[in-house]
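Below is one structure, written out as structure tokens; the observations come after it.
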Amino acid sequence: MNERCAKTLTIMLALPALLLPAACLLYILFKGIPALDWAMLSGSSQDAAFGSISALWPQITGSLLLMLGACLLAAPVALGGTLFYALAANIRQRKALLGIMHLLVGIPPIVYGLCGLIVLVHMLHWGISLLTGMVILAVIILPMLLMNSVNAIKRIPSEKTAAARALGLSNGQLIRRVWLPAAWPALMTGLLLGMARALSETAPILFTATVFSGVSWPDSLFSPVTSLQTHLFYLAQEGANAEAVDIAWASAVILIILVTALSFGASALRNIRMNG
Amino acid sequence: MLNLWMRTSALISLLVVVVMLGFLLQQSWPYWQHDGLNPLLSGDWYPYEHLFGLAAAIIGSFWAALIALAIAIPTGLAAAVMSTEILPGPWRSLMRSGMELLAGIPSVVYGLLGLWILLPLLQSNLHLLTGHNLLAAGLLLSVMVLPTIMVMTQDALCEVSSHQRDTAASLGMGWSARLWRVLLPQAWPGIRSGILLALGRALGETMAVMLVVGSMDRIPDPWYNLLAPAQTLTSRIGREIGESAFGSMHFSALMACGLLLALITITISMLAHIRSDKISVNRP
Chain A
1206 MNERCAKTLT IMLALPALLL PAACLLYILF KGIPALDWAM LSGSSQDAAF GSISALWPQI
1266 TGSLLLMLGA CLLAAPVALG GTLFYALAAN IRQRKALLGI MHLLVGIPPI VYGLCGLIVL
1326 VHMLHWGISL LTGMVILAVI ILPMLLMNSV NAIKRIPSEK TAAARALGLS NGQLIRRVWL
1386 PAAWPALMTG LLLGMARALS ETAPILFTAT VFSGVSWPDS LFSPVTSLQT HLFYLAQEGA
1446 NAEAVDIAWA SAVILIILVT ALSFGASALR NIRMNG
Chain B
57 MLNLWMRTSA LISLLVVVVM LGFLLQQSWP YWQHDGLNPL LSGDWYPYEH LFGLAAAIIG
117 SFWAALIALA IAIPTGLAAA VMSTEILPGP WRSLMRSGME LLAGIPSVVY GLLGLWILLP
177 LLQSNLHLLT GHNLLAAGLL LSVMVLPTIM VMTQDALCEV SSHQRDTAAS LGMGWSARLW
237 RVLLPQAWPG IRSGILLALG RALGETMAVM LVVGSMDRIP DPWYNLLAPA QTLTSRIGRE
297 IGESAFGSMH FSALMACGLL LALITITISM LAHIRSDKIS VNRP
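Sequences listed follow chains A and B, in order. Going by this note's numbering, 1347 is the number at position 142 of the first sequence; the sequence numbering is gapless. Going by this note's numbering, 168 is the number at position 112 of the second sequence; the sequence numbering is gapless.
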């Protein structure tokens, strides 16, 4: 096989990878943007009983609430675990901690949903609620956050830490004065990616946190919410109702805009880190 | 105070694993006790007649993942080779951004795309009664796992040292010989990790598969018939968990599906990580 032939073959094989991202995105925007306009502007929550002709605000706030709650729960644990890894653990414990995280990353989200259903919904009697969803999503993004922040701390030059130690800084001072200033862009990058992940997970909250309709703002942590992801799932199957499908496309556009904004934020921070 | 926080966090991470696997096992225990491992071989799943055979869903899951990999591996490898070995620098990062974009699209949106584009296409082109089938699930999954394979391969190819590239070039090896004899073998550990991660992802993917697979509990008949509605482990859990009562045998059987899924995917991801660790240690 001569060189030109091999290269052409490679490019032919790779074509789907080149075209698919643009094609998917354009098609979603093409279907969603006309519907988006209509759904957002003319929408009112009077028909929220069925959920098809209504503004998408309750779903958006529900999704954002779930996402923020998950991050608030997962971030302190991830940071604590990272500090344990960096300051207190011996080699065996370090290996065990990373091993556990690799294990958790491998488990499909729906299994987290099942465990949440058993433990949180049924055994702790939290019911189908906002809090259940937050905890499940927090556990899902925990390994991501932890592995990311462990990498961020590892990337700090060891001279910096050694110099801080030589100056007699305590653990707390070391973290506040040396590690956080050096690692914050990387930590924030991880957090933003975690938020994007929490926003796009659907299966684990489908039967543990959300209902299709009837909720515009959750009264408490123990009441169910509606979310953009699950709303999209239900509407997508309303084949007989063209309006419902239109709104599903609109929800898809909103969801993609939110997720992309978060990942753009993450790559912007990554660039700060590289330049700084 | 700091110490307490650190240790509690590490403990929480450990507890999550123990609690999850423990309760899955506990809840699915009545199911395993009832029939032992027999249901793994039986394809009959009729909750109302207390028949809970898992074979149809297991076969469905593997078929869908297999189709996905069969399409995504060649495409992903070619795309990675193209971006690192053929295209100049700026294009490389453009392709990478494209892949990150594809990876960022939520799975339920893929489900929507599959349901309203892929299914009508399959239905009209193959003259089927319904487009819901394993082929549709596999095609959709191939798009979803493509970024994993492509990005991991790209990283692995970039890590092959320039020393080896130069040596290969100085030996007068042509482009394709260099690719097959030097680059791909050197990058293979990374590529394999990517493939294994993609396989785990494909087996565990729920929303997109659930929307297009048809959710009918049948073992493909004959075994290569991918054009009939079928079921995967994830789609069964997703479809039926809402209607099963907590503590019933049906619930227990669904938990068994979950446990099985967790064990399979844990094994796959452990394989991916253990092997890649070992090889990176041995490398000079």
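All C-beta atoms, glycine included, are put in the ideal place defined by N, C-alpha and C.
Reference A/S1207; option with closest CA among B/V269, B/M263, B/S232 and B/L283
Strictly speaking, residue 1207 of chain A in this sequence is Asn, with Ser absent from that position. When only C-alpha atoms are compared, the closest one is B/S232.
Looking only at its own chain, which residues have a Cβ that is under 8 Å from the Cβ of A/M1349, when we skip the five neighbours before and after it?
The answer, listed in chain order, is V1310, G1395, L1398, G1399 and R1402.
Selected residue, minimal CA-CA separation from A/L1308, among B/Y166, B/L239, B/V73 and B/G154
Of the listed residues, the one whose Cα sits closest to A/L1308 is B/V73.
Do B/M263 and B/G187 have their C-beta atoms within less than 8 Å of each other?
Result no, Cβ atoms of B/M263 and B/G187 do not sit closer than 8 Å.
Closer than 8 Å, CB to CB, is A/Q1434 near chain B or not?
Closer than 8 Å to the CB of A/Q1434 there is at least one CB belonging to chain B.
Cα separation between B/L252 and B/S325?
Across the structure, B/L252 and B/S325 are spaced so that their CA atoms are roughly 7 Å apart.
Within 8 Å, do at least three Cβ pairs link the stretch 238-251 of chain B to the stretch 202-214 of chain B?
Taking one beta carbon from each stretch, the stretch 202-214 of chain B and the stretch 238-251 of chain B have 3 or more pairs nearer than 8 Å; the two touch.
Listed by chain order, chain A residues near B/I28 by CB distance under 7 Å
The structure shown does not extend to residue 28 of chain B, since chain B spans only 57 to 340, so no value can be given for it.
Based on DSSP bridge pairs, tell me the residues matched to A/V1430.
Paired residues: A/T1415.
Show which residues of chain A have a CB atom less than 7 Å away from the CB atom of B/P162.
Annotation: Cβ neighbours of B/P162 in chain A (cutoff 7 Å, chain order): S1405, T1407, Q1434, L1460 and V1464.
Check the Cβ-Cβ distances between A/C1320 and every residue of chain B, and say whether any is below 8 Å.
For A/C1320, the answer is yes, since a Cβ of chain B falls inside 8 Å of its Cβ.
Hey, could you find the ends of the alpha helix (DSSP H) B/Y87 is sitting in?
For B/Y87, the enclosing alpha helix (DSSP H) covers residues L58 to D91.
In angstroms, rounded to a whole number, what distance separates the CA positions of A/E1443 and B/L319?
Roughly 35 Å between the two C-alpha positions.
Beta-carbon of B/Q89 versus every beta-carbon of chain A: anything under 8 Å?
Judged by the 8 Å Cβ criterion, B/Q89 is not in contact with chain A.
Mind pulling the chain A residues with CB within less than 7 Å of B/H329?
Neighbours of B/H329 across chain A, judged by C-beta separation under 7 Å: H1307.
Residue closest to A/T1215, alpha-carbon to alpha-carbon, out of B/L235, B/S117 and B/T321
Among B/L235, B/S117 and B/T321, the Cα nearest to that of A/T1215 is on B/L235.
Between which residues of its own chain and B/I335 is the CB-CB distance below 8 Å, once the five residues before and five after are set aside?
Summary for B/I335: the model assigns pLDDT 49, below 50, so the residue's position carries little reliability, and this model does not support an answer.
Give the DSSP-derived three-state secondary structure of B/F302 in the structure shown.
If DSSP states are grouped into helix, strand and coil, B/F302 belongs with coil.
What's the C-alpha gap between A/A1279 and B/L77?
Their backbone Cα atoms lie some 20 Å apart in a straight line.
Which word fits A/K1359, buried or exposed, when buried means at least 16 other C-beta atoms lie within 10 angstroms of its C-beta?
Under this definition A/K1359 is an exposed residue.
List the endpoints of the continuous alpha helix (DSSP H) containing A/M1339.
L1335 to K1359 is the extent of the alpha helix (DSSP H) around A/M1339.
Just how far apart, CA to CA, sit A/A1471 and B/G109?
In this structure, the alpha-carbon of A/A1471 lies about 45 Å from that of B/G109.
Establish whether the CB of A/I1315 and some CB of chain B are separated by less than 8 Å.
Closer than 8 Å to some Cβ of chain B, the Cβ of A/I1315 qualifies, so yes.
Please check the pair B/L175 and B/V268, which I expect to be a contact at CB under 8 Å, by giving their CB distance rounded to whole angstroms.
The beta-carbon distance between B/L175 and B/V268, rounded to whole angstroms, is 6 Å. This is short enough to meet the 8 Å contact definition.
I need the boundaries of the alpha helix (DSSP H) containing B/N181, first residue and last residue.
Looking at the DSSP string, the run of the alpha helix (DSSP H) that includes B/N181 is L175 to L182.
When DSSP labels each residue in this structure, what does A/L1271 get in the three-state scheme?
A/L1271 falls in the helix class under three-state DSSP.
Taking the CB atoms as reference points, tell me whether B/P285 and B/N189 lie closer together than 8 Å.
Taking 8 Å as the Cβ cut-off, B/P285 and B/N189 qualify as a contacting pair.
Residues of chain B with a CB under 8 Å from the CB of A/I1238: which are they?
Chain B residues near A/I1238: none, gap ~14 Å exceeds 8 Å.
Please determine if the stretch 1403-1410 of chain A and the stretch 1429-1438 of chain A are in contact, where contact requires at least 3 C-beta pairs separated by less than 8 Å.
Touching, yes.
A/Y1290 - DSSP class collapsed to helix/strand/coil
Reduced to three states, the DSSP call for A/Y1290 is helix.
With a cut-off of 8 Å on the beta carbons, I'd call A/L1411 and B/G294 a contact; round off their distance for me.
Confirmed, about 7 Å.
So, using beta-carbon positions, are A/V1355 and A/T1415 closer together than 8 Å?
No, Cβ-Cβ distance for A/V1355 and A/T1415 is not below 8 Å.
Tell me, which residues are paired with B/W231 by DSSP?
According to DSSP, B/W231 shares a beta bridge with no other residue.
Cβ distance (whole Å) where B/S139 is taken to contact B/M311 below 8 Å
Not confirmed; about 43 Å, so no contact.
Is there a Cβ from chain A that is less than 8 Å from the Cβ of B/I322?
At least one CB of chain A lies nearer than 8 Å to the CB of B/I322.
Cβ-Cβ distance between A/P1226 and B/L157 below 8 Å:
Result yes, Cβ atoms of A/P1226 and B/L157 sit closer than 8 Å.
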